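**Student:** Residue numbers 1 to 230, in the UniProt record's numbering, belong to the letters of the sequence shown in order.
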Amino acid sequence: MQDAHGPLPYMLDPPVWIPHIRHSPDFEKKKTRVRPHDGDHNPPPPSKRQALSSQQPASSSMPSSSMRHRATLPHGETSIPASSRPNLENVRARRERNLHRARAQDVAIASPPPSFPRFPATTRQRNPWSDDDSTLLVQLIALERAKWSTIDRKHGHRFEILRNQQAYRDRARNMKVDFLLADTVLPPGFDLVVLGKKEENKVVAGRRNPHRKEDDRDENGRPINTRIEL
1 MQDAHGPLPY MLDPPVWIPH IRHSPDFEKK KTRVRPHDGD HNPPPPSKRQ
51 ALSSQQPASS SMPSSSMRHR ATLPHGETSI PASSRPNLEN VRARRERNLH
101 RARAQDVAIA SPPPSFPRFP ATTRQRNPWS DDDSTLLVQL IALERAKWST
151 IDRKHGHRFE ILRNQQAYRD RARNMKVDFL LADTVLPPGF DLVVLGKKEE
201 NKVVAGRRNP HRKEDDRDEN GRPINTRIEL
């Protein structure tokens, strides 16, 4: 039944009861929680970190080839083995020796002796000594007391091949080297045949005494003082 002004109040739909929902404080916190920045992440618990490290590939724990090479390089003198360390004293000595040889070669090339002109090795001719000429020279050394100018002036015509004083002296030195290396008694007059440095080194290389004298003989005439200890 309706009134002229509308439906009557008792004819309206009954009111609906809406319960009031009370939210817990945790719910409010969840609603207002702000997502932290990436840099504010807390590290994972130890168990998670261990799991992550165990999942890494085995090759990541090994150093690269360049790092391994750099680690094995010597760092300072103390890391070099003693057997590989250079002897600085020997290095300096060899340096001085090489410099001396180089200076000597420079001097020889810059100012050669006027009396001995330099010839190419291909054009230089050498006349070998025969046994007869060598025996004659040994006799003349004893006779003329190793005076090369006298031997050349008085006896030069007696040799099979004409030579000069320098040739006599060089041949006498070479024969003395042979006598010393062969442990042979020095012939008379050979104490006056002075060896050069080159000849002495050759005798020493054979472990023989380059300063042995004619009188270095025992009661049986055999040579003594023949050897030298290096």
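Using N, Cα and C, we set each Cβ at its ideal position, and we do this for glycine too.
Just so you know, these numbers come straight off a predicted model, no measurement behind them.
1) Excluding five sequence neighbours on each side, which residues of the same chain lie with their C-beta closer than 7 Å to the C-beta of R217?
2) By how many angstroms is the C-alpha of E229 removed from the C-alpha of R173?
3) What first and last residue would you give for the alpha helix (DSSP H) that runs through S149?
4) Determine the extent of the alpha helix (DSSP H) in which N209 is found, giving its start and end residues.
5) Within a Cβ cutoff of 6 Å, which residues of the same chain sit near L88, ignoring the five residues on either side of it in sequence?
6) Any idea what DSSP makes of R145, helix, strand or coil?
7) What is the C-beta distance between K176 and V193, in whole angstroms, given that I count them as a contact (C-beta under 8 Å)?
8) Is L136 near H155, with beta carbons less than 9 Å apart?
9) Short of 6 Å in beta carbon distance, which residues of its chain neighbour residue 254, apart from the five on each side in sequence? Order them along the chain.
10) Take residue 233 as the anchor and find which of T226, W129, D215 and D131 has the nearest alpha-carbon.
11) When the distance is taken between beta carbons, is E144 closer than 9 Å to I151?
**Tutor:** This is what the structure gives:
1) Answer for R217: V185, P223 and I224, listed in chain order.
2) In this structure, the alpha-carbon of R173 lies about 22 Å from that of E229.
3) W148 to H155 is the extent of the alpha helix (DSSP H) around S149.
4) In the DSSP annotation of this structure, N209 is not part of any alpha helix (DSSP H), being labelled neither H nor E.
5) With a pLDDT of only 46 at L88, under the threshold of 50, the placement of this residue in the model should not be trusted, and no figure is reported.
6) Reduced to three states, the DSSP call for R145 is coil.
7) At roughly 5 Å, the Cβ-Cβ gap stays under 8 Å, so K176 and V193 are in contact.
8) It is a contact, given that the beta carbons lie within the stated cut-off.
9) Because the chain in this structure spans residues 1 to 230, residue 254 falls outside the shown range and cannot be described.
10) Residue coverage of the chain in this structure runs from 1 to 230, which leaves residue 233 outside it and unanswerable.
11) Yes, Cβ-Cβ distance for I151 and E144 is below 9 Å.
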